[in-house]
Amino acid sequence: FFIKFLVVVYLVEVFSLLFSVVSFAFQADGFIPGYTSWNTQTFIDNLTPLYSEADGQMQNFQTVFAVFFPAMAGIMGGANMSGDLKEPGKSIPKGTIFAILFAFGFYLVEMFIMAFTTDHAALTSYSIMQEIAFWSPIITIGIYCASLSSAVSGMSGGARIMQALSRDKIIPLIGIFGRGYGKGDEPLFATALTYILVQLL
């Protein structure tokens, strides 16, 4: 169930990202203040870091990297679902490498398009993607899908780990959480426990 659900969420998320990139690439010049459409001078101006101050602190490479890193960290979600794969030994390395290349390539293309079309002052706005998008609600939908996919991936991965711990009898008296149901050996009891723990935290 979780796999099918996550696939749908990921597809909506990718569509939202593609929609935002297309909006940046083809919106009319001057659509909002700071949006120049394709402009070489805008790109040249954006090549230097020009770190700005936020919350009373000057930003630097480390703070920018701290924002970028979580966007790439989700690639490890596949390893948590190894029990659902026919050949985890082959699928996980291939899938992880593909995920890294796809995500990095996509972000690189998006970065260049934004650098060519939007000046530095406009890029500091947290809502710049919504402001430029042809249909702004799709960005909000994408943000919700990204949050939901991270939460569900973490929860289902945690349930699988709990199921494995129970079956290996590493922790006594938790055997019930090792039970699996259906074709995918879904860990229903472990999922319920994981959900309760998440809500308590």
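Residue numbering for the sequence shown follows full-length UniProt numbering, starting at 1 and increasing by one per position.
All residues carry an ideal CB built from backbone N, CA and C; glycine is no exception.
query	result
According to DSSP, residues forming a beta bridge with residue 54	57
Alpha helix (DSSP H) runs wholly inside the stretch 67-153, at least 4 long, in chain order	77-80, 88-117, 120-123, 128-132
Length of the line joining the Cα atoms of residue 11 and residue 86	22 Å
Span separating the alpha-carbon of residue 13 from that of residue 19	10 Å
Alpha-carbon to alpha-carbon, residue 100 and residue 235	There is simply no residue 235 to check, as the chain begins at 1 and stops at 201 in what is shown.
Closest residue to residue 155 among 195, 58, 134 (Cα-Cα distance)	195
CA nearest to the CA of residue 160, picked from 187, 173, 172	187
Residues of its chain near residue 8, where Cβ-Cβ distance is below 6 Å and the 5 sequence neighbours each way are ignored	none
C-alpha distance - residue 107 paired with residue 174, whole-angstrom precision	43 Å
Residue 126 versus 67, 116, 170, 5, residue with shortest Cα-Cα distance	67
Anticipated Cβ contact below 8 Å, residue 142 with residue 37, distance rounded	The pair is not a contact, with the Cβ atoms about 23 Å apart (cut-off 8 Å).
Exposure label - residue 46; buried when at least 16 CB within 10 Å	buried
Residue 35 - partner residues in DSSP beta bridges	118
Cβ pair residue 52, residue 59 closer than 8 Å	yes
DSSP bridge partner residues for residue 181 (one or two, in chain order)	186
Neighbourhood of residue 180 by C-beta, 7 Å cutoff - its chain only, sequence neighbours within 5 removed	163, 186, 187
DSSP three-state assignment for residue 169, whether helix, strand or coil	coil
Beta-carbon gap between residue 43 and residue 132 smaller than 8 Å	no
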